[in-house]
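First comes the structure, then the notes that go with it.
2 protein chains.
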Amino acid sequence: MTTKDKILKAAREAFAEKGFNGVSVDEIAKRAGVKKALIYYYFPSKEDLFEEVWKVAIEELEDHLFKQVESERGYFNKIKRFLRAYIDFVTNRRVLSEVIEKERASVLSDERWKDLRERYEGFLSKVASLIAEGKKYNAVYEDIDPIAAANLISSSISPKRESILDKIISMIMRGIFKGS
Amino acid sequence: MTTKDKILKAAREAFAEKGFNGVSVDEIAKRAGVKKALIYYYFPSKEDLFEEVWKVAIEELEDHLFKQVESERGYFNKIKRFLRAYIDFVTNRRVLSEVIEKERASVLSDERWKDLRERYEGFLSKVASLIAEGKKYNAVYEDIDPIAAANLISSSISPKRESILDKIISMIMRGIFKGS
DNA sequence: GTAGAATTTTACCGACCGGTAAGTAAAAGG
DNA sequence: CCTTTTACTTACCGGTCGGTAAAATTCTAC
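Protein sequences appear in the order of chains H and F.
Per the numbering used here, residue 97 is the first one in the first sequence, and the count goes up by one each step.
Per the numbering used here, residue 97 is the first one in the second sequence, and the count goes up by one each step.
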């Protein structure tokens, strides 16, 4: 693992645990086993470091969800695969999920994270497209707003015990998709 | 308004905007128009100040939701009133809602906020009881786990545009309650 | 092997952090 | 009044914050 990757890994873990403002650059350095100044050799600022962490998190989430959906045939199978992959992500990629969960509210409201908010909203609109697709197949209730549905999904699927996530998914399914 | 209340109000607003770690005691003091040391006259520490803010937030949310439910007759009316009141709270008591949204993840995971986590879980279990009640009246799907439903509701109803909240509510209703 | 580039460390900066001690001002009670 | 209590201010503390300059080390290529 390169030094840069060691720093990114330590930063992910620290931000996941304590949030952006709860962690100091020096703590990240210590977790990574490097000196603080070295972090500034690879990243111009703490904010830039966080931005990179966030971008990777959203990218990996997006890839994880949609790569699996592509290979599936039939809209219902796609949806089931999608939601199953979402649970899989928040349980098996816990660190990244916790970063997203802990900083989502700030990213969405603080003007300082404009870029990151746009990335997150880009992800949301891709989820919304998947829901909208279901209307063609008459699989989604007519009165569903795809963007609202995307919001519901992404705000309610967050790191928790897997047993409870399953139950949440089935409620969401019944709320959005016909014949669930 | 007493000095203590001015401090609490400023703290609420600051924590709502920037989160616990994003705000300094001095900033709260300036927002309240008092000197920093005066905050330590009323509150032993920044943590205690935040705890008071959180406790008030949860109390007011709980009161707002359940006071209205009591006066309603018929389970379905109760539920509708409950969810309507929830939307009302996050739109009209925005500051408190934002405090909850921004710090929920930390409160639930950081051992430092053990007391606050218990309060939040107490609130959740009251919501769960309301859902569980619906099973008696055959208004809730048999396979619903009340605690999971409470989690779904409280994590998806957060400060956003009201138009989208309405749509989220109707998806949640259909996911939990028969004949919605 | 040595020049030069890339990487890492040391040592430091001013600003700000949460918190406190000691004092002043205002209010309350007799 | 004068004393005691309550409310508030001033001035400060040691520590940590994000960030930087410059030196030291390691790597690369001739």
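By construction, the Cβ of each residue, glycine as well, lies at the ideal position given by its N, Cα and C atoms.
Everything numeric in this text was worked out from a predicted model, so none of it was measured.
For this session: With DSSP collapsed to three states, give me the class of F/F139.
Result: The three-state reading of DSSP puts F/F139 in coil, since its state is none of H, G, I, E or B.
Exercise. Which chain H residues are close to F/D241, counting only those with a beta carbon under 8 Å from its beta carbon?
Worked result: In chain order: I260, K263.
Exercise. Should F/M267 go down as buried or exposed, given a rule of 16 or more other Cβ atoms within 10 Å for buried?
Worked result: By the neighbour-count criterion, in which 16 or more other beta carbons inside 10 Å mark a residue as buried, F/M267 falls on the buried side.
Exercise. So, using beta-carbon positions, are H/F116 and H/F146 closer together than 8 Å?
Worked result: Cβ atoms of H/F116 and H/F146: closer than 8 Å.
Problem set entry | Chain-ordered neighbours of F/K198 on chain H, where CB pairs are closer than 7 Å | Neighbours of F/K198 on chain H, chain order: A201, S202.
For this session: Would you list, in sequence order, the uninterrupted alpha helix (DSSP H) runs of no fewer than 4 residues that lie entirely inside the stretch 98 to 145 of chain H?
Result: Fully enclosed alpha helix (DSSP H) runs of 4 or longer: 99 to 114, 121 to 128, 132 to 138.
For this session: Report yes or no: do the stretch 255 to 273 of chain H and the stretch 164 to 179 of chain H share at least 3 C-beta pairs separated by less than 8 Å?
Result: With a cut-off of 8 Å on Cβ pairs, the stretch 255 to 273 of chain H is in contact with the stretch 164 to 179 of chain H, counting three or more such pairs.
Exercise. For the stretch 154 to 172 of chain F, which residues have a beta carbon sitting closer than 9 Å to at least one beta carbon of chain H?
Worked result: Listed by position along the chain: nothing, the set is empty.
Exercise. Could one say the Cβ of F/G271 lies closer than 8 Å to chain H's Cβ atoms, at least one of them?
Worked result: Under the Cβ distance rule, F/G271 counts among the residues neighbouring chain H, one pair being separated by less than 8 Å.
Exercise. Given a threshold of 16 other Cβ atoms within 10 Å of its Cβ, counted over all protein chains shown, does H/I159 qualify as buried or as exposed?
Worked result: Reading off the sequence, residue 159 of chain H comes out as Asp, not Ile. With fewer than 16 Cβ atoms within 10 Å of its Cβ, H/D159 is classed as exposed.
For this session: For H/G275, count neighbouring C-beta atoms within 10 Å of its own C-beta (all shown protein chains included) and say buried if the count is 16 or more, exposed if not.
Result: That one is exposed.
Exercise. Going by alpha carbons, who is nearest to F/Y171 out of F/D241, F/N234, F/Y182, F/R208?
Worked result: Cα-wise, what sits closest to F/Y171 is F/N234.
For this session: Would you list the one or two residues that DSSP bridges to F/F185?
Result: In the DSSP output, where bridge partners are listed per residue, F/F185 has none listed.
Exercise. Is it right to say H/E194 is buried, meaning 16 or more other beta carbons lie within 10 angstroms of its own, or is it exposed?
Worked result: With a threshold of 16 other beta carbon atoms within 10 Å, H/E194 meets it and is buried.
Problem set entry | Neighbour flag for F/A125 against chain H, beta carbons, 8 Å | Residue contact with chain H for F/A125: absent (no Cβ-Cβ distance below 8 Å to any residue of chain H).
Exercise. Less than 8 Å separating the beta-carbons of F/L204 and H/S252?
Worked result: Contact flag unset, no.
Exercise. Starting from F/S221 and walking both ways along the alpha helix (DSSP H), at which residues does that stretch end?
Worked result: Element bounds for F/S221: 210 to 232.
Exercise. Roughly how many angstroms separate the alpha carbons of H/T99 and H/I183, rounded to a whole number?
Worked result: Between H/T99 and H/I183, the C-alpha separation is close to 31 Å.
For this session: Along the alpha helix (DSSP H) that carries H/D241, what are the first and last residues, could you check?
Result: The continuous stretches of alpha helix (DSSP H) do not include H/D241, and DSSP gives it neither H nor E.
Exercise. Residues of chain F with a CB under 7 Å from the CB of H/S254: which are they?
Worked result: Neighbours of H/S254 across chain F, judged by C-beta separation under 7 Å: S251.
For this session: Please confirm whether F/L157 and F/F185 have their CB atoms less than 8 Å apart.
Result: The beta carbons of F/L157 and F/F185 sit closer together than 8 Å.
Exercise. What's the call for F/E199, buried or exposed, on a 16-neighbour Cβ count within 10 Å?
Worked result: Counting C-beta atoms within 10 angstroms of its own C-beta, F/E199 has 16 or more neighbours from the protein chains shown and is therefore classed as buried.
Exercise. Who are the Cβ neighbours of H/L134 in its own chain at under 6 Å, not counting the five residues just before and after it?
Worked result: Its chain contains no residue whose beta carbon lies nearer than 6 Å to that of H/L134 once the 5 sequence neighbours on both sides are disregarded.
Exercise. F/N188 touches chain H at which residues, Cβ-Cβ below 7 Å?
Worked result: Within 7 Å Cβ-Cβ: nothing; F/N188 doesn't reach chain H, min ~18 Å.
Exercise. Over what stretch of residues does the alpha helix (DSSP H) that includes H/R200 continue unbroken?
Worked result: From DSSP, the alpha helix (DSSP H) with H/R200 extends over 190 to 205.
Exercise. Taking a cut of 9 Å between CB atoms, which residues from the stretch 206 to 224 of chain H lie near chain F?
Worked result: Taken in chain order, the members of the stretch 206 to 224 of chain H whose beta-carbon sits within less than 9 Å of a beta-carbon on chain F are D206.
For this session: Whole angstroms is fine: what's the gap from F/R108's alpha carbon to F/R180's?
Result: Near 24 Å, if we compare the C-alpha coordinates of F/R180 and F/R108.
Exercise. What's the gap between the Cα of F/N188 and the Cα of F/A153?
Worked result: Distance between the alpha carbons of F/N188 and F/A153 is about 13 Å.
Exercise. What's the call for H/Y216, buried or exposed, on a 16-neighbour Cβ count within 10 Å?
Worked result: Its Cβ being crowded by 16 or more others within 10 Å, H/Y216 is buried.
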